[in-house]
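Data first, discussion second: the structure below is written as C-alpha cells.
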Amino acid sequence: MFMIPIKKWEDLTDDKEAIEALEDVYGGNVEELDLLVGLMAEKKIKGFAISETAFNIFVIMATRRLEADRFFTSDFNEMTYTKKGLEWVNTTESLKDVFDRHYPEMTDRWMNSESAFSVWDSPPVAKNPIPLYLRVPSS
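Numbering of the sequence shown is given in full-length UniProt numbering, commencing with residue 1 and proceeding in unit increments.
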C-alpha cells in the first residue's frame with residue numbers, strides 16, 4: 001500500500017493508555033500487531049472517522065468492487081439504465097437528492113439541511129456548488 005511501516009508504538013498512536021495496553025499484549029514487537037487491533041489504535045486522519053490504513057484499505061477494496069461490477073463498467077449505459085436512469089445516477093449526490101426527486105413536498109417542508117442524515121428541522125445551510133466527493137474536510 002506504499003505506507004511507511006511503524007517501528008514503535010508511538011508511530012501508531014499518541015494515546016499513552018493504548019501504548020501501554022499494546023506493550024502489555026505484544027511487548028516491543030510491533031510486527032506481531034493484529035490488523036484490527038492496529039486499525040482501532042491508529043491515529044485518525046484529520047476530518048475523518050477512520051485511520052490512514054483503514055482509508056487505504058477502503059479505497060483499494062472500493063475500487064476493486066466498482067471495477068468488478070458490470071453495472072459500473074460494461075453495462076453502464078443507456079441500454080441498461082435508460083437515458084433518464086443514467087441522468088439520475090450521474091446527478092445524484094446524496095439521499096436528500098433521492099427524497100427531493102420522489103417526495104419533494106416532504107423535503108420542502110421538513111428537510112432544511114443538505115444531508116438526509118442531519119437533523120431535518122435544523123437551520124438551512126447554503127448550497128455548496130462543489131460536489132461532495134471533491135470537498136476537503138474543514139476540520
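Note that CB positions come from ideal geometry on N, CA and C, so glycine has one too.
Check: What's the call for A62, buried or exposed, on a 16-neighbour Cβ count within 10 Å?
Finding: exposed
Item checked: Segments of 4+ residues assigned as alpha helix (DSSP H) that fall wholly inside the stretch 45-83 -> Under the rule that a run must span 4 or more residues, the alpha helix (DSSP H) segments found entirely inside the stretch 45-83 read 52-68 and 78-81.
Notebook entry, point to check: With respect to the alpha helix (DSSP H) encompassing K16, which residues constitute its N-terminal and C-terminal limits?
Noted result: Its alpha helix (DSSP H) spans residues K16 to Y26.
Next item on the list: Given a cut-off of 8 Å, decide if F48 and F58 are closer than it, judged by their beta-carbon atoms.
Entry: no
Notebook entry, point to check: Between D97, L39 and I4, which lies nearest to A18 when the distance is taken from Cα to Cα?
Noted result: L39
Next item on the list: On a CA-only basis, which of N29, V25 and E93 is nearest P5? Give me that one, please.
Entry: Ranking N29, V25 and E93 by Cα distance to P5 puts N29 first.
Notebook entry, point to check: What number of angstroms, rounded off, separates the C-alpha of D15 from the C-alpha of L22?
Noted result: 11 Å
Check: According to DSSP, is M1 helix, strand or coil?
Finding: coil
Check: Cβ atoms of E42 and E52: under 8 Å apart, would you say?
Finding: yes
Margin query: My output table needs one value for P93: the three-state DSSP class, helix, strand or coil.
Written below: It should be noted that the sequence gives Glu, not Pro, for residue 93. Reduced to three states, the DSSP call for E93 is coil.
Note to self: In whole angstroms, give me the CA-to-CA distance for E105 and K96.
What the structure shows: 12 Å
Checklist line | N128 to D24 span [Cα, whole Å] | finding: 48 Å
Next item on the list: Ignore the nearest five residues each way along the sequence and tell me which others in P131's own chain have a CB closer than 7 Å to its CB.
Entry: E93
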